[in-house]
Amino acid sequence: EVQLVESGGGLVQPGGSLRLSCAASGFTFSDHYMDWVRQAPGKGLEWVGRTRSKANSYTTEYAASVKGRFTISRDDSKNSLYLQMNSLKTEDTAVYYCARAAIMGARFFDHWGQGTLVTVSS
Amino acid sequence: DIVMTQTPLSLSVTPGQPASISCKSGQSLLHSDGKTYLYWYLQKPGQSPQLLIYEVSSRFSGVPDKFSGSGSGTDFTLKISRVEAEDVGVYYCMQGLHLPLTFGGGTKVEIK
Numbered sequence: 252e253v254q255l256v257e258s259g260g261g262l263v264q265p266g267g268s269l270r271l272s273c274a275a276s277g278f279t280f281s282d283h284y285m286d287w288v289r290q291a292p293g294k295g296l297e298w299v300g301r302t303r304s305k306a307n308s309y310t311t312e313y314a315a316s317v318k319g320r321f322t323i324s325r326d327d328s329k330n331s332l333y334l335q336m337n338s339l340k341t342e343d344t345a346v347y348y349c350a351r352a353a354i355m356g357a358r359f360f361d362h363w364g365q366g367t368l369v370t371v372s373s
Numbered sequence: 003d004i005v006m007t008q009t010p011l012s013l014s015v016t017p018g019q020p021a022s023i024s025c026k027s028g029q030s031l032l033h034s035d036g037k038t039y040l041y042w043y044l045q046k047p048g049q050s051p052q053l054l055i056y057e058v059s060s061r062f063s064g065v066p067d068k069f070s071g072s073g074s075g076t077d078f079t080l081k082i083s084r085v086e087a088e089d090v091g092v093y094y095c096m097q098g099l100h101l102p103l104t105f106g107g108g109t110k111v112e113i114k
């Protein structure tokens, strides 16, 4: 069974940093692109970014709203995905989901974690 | 970025009755490979999103056949043939043609 478990969320002040983790199990993690998607309280879904697989040189892509502030990385030996968030703003407050991109073309997510809440507030 | 627009914002449905949700994209989602990269997700209350439909009309594993997707180019529809209590939540369409992947604003379905 595919499982994605996020952790690391919490309360942080504006300008601060936080690192989220996503532990994956039940599938060959190294084969998949992995993404982060967020959802502000009471709002819709916003794609944050992705890391491609080793076969694609672990390249990353980011939404314009987080580019230069957030960094996505992965450790295939630990079946883990990370999101390093720096220079946090109040508008980054959201539930952050780890999502597995489908193996066929990586154009959608076929499994999601339960999410971890990040609150940016003074 | 490809803008995804869903209507209606919300839907109140009598159990056993059908429901239909529209999704329009700002540009055609037809790729040169012949596939159309439009997806539907359901986010039940308090849960993470779950995939219902991929590539316009293919049901994901385990999704009941009361859910169906249709459309082409820029106009798409999700239909639920008979809405039940377990179908309540927010439905999102998403395009997978280009990064950034973008979602519609969501349609909240509730039971009358």
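Residue numbers (the working numbering), protein chains in the order written: chain H, 252 to 373; chain D, 3 to 114.
Just so it is clear, CB atoms sit at the ideal spot from N, CA and C, and this is done for glycine as well.
Predicted, not measured: the structure shown is a model, and the values here were computed from it.
Pairing D/Gln19 with D/Val85, the inter-Cα distance amounts to about 6 Å. For the pair of segments examined, the stretch 331 to 344 of chain H was found to touch the stretch 262 to 273 of chain H: the number of CB pairs separated by less than 8 Å reaches three. A Cβ-Cβ contact shorter than 9 Å links D/Tyr41 with D/Ile55. For D/Lys26, the enclosing beta strand (DSSP E) covers residues Ala21 to Ser27. Considering only beta carbons, no part of the stretch 72 to 84 of chain D lies closer than 7 Å to chain H.
Within the same chain, no Cβ atom closer than 7 Å to the Cβ of H/Ser316 is found once the five residues on either side in sequence are excluded.
Annotation: H/Ser308 to D/Glu112 spans about 44 Å, alpha carbon to alpha carbon. If you look at D/Gly71, you'll find it in the beta strand (DSSP E) that goes Phe69 to Ser74. Per DSSP, the beta-bridge partners of H/Gly300 are H/Trp287 and H/Tyr313. Residue contact with chain H for D/Tyr56: present (Cβ-Cβ distance below 9 Å to some residue of chain H).
Of the candidates H/Gly261, H/Phe321 and H/Arg325, the residue whose Cα lies closest to the Cα of H/Asp282 is H/Arg325. Taking C-beta atoms as the reference points, D/Leu32 and D/Gly75 count as a pair closer than 9 Å. For D/Tyr94, the residues of chain H that pass the 9 Å Cβ criterion are Gly295 and Leu296, in the order they occur in the chain. The Cβ of D/Gln52 sits closer than 9 Å to at least one Cβ of chain H.
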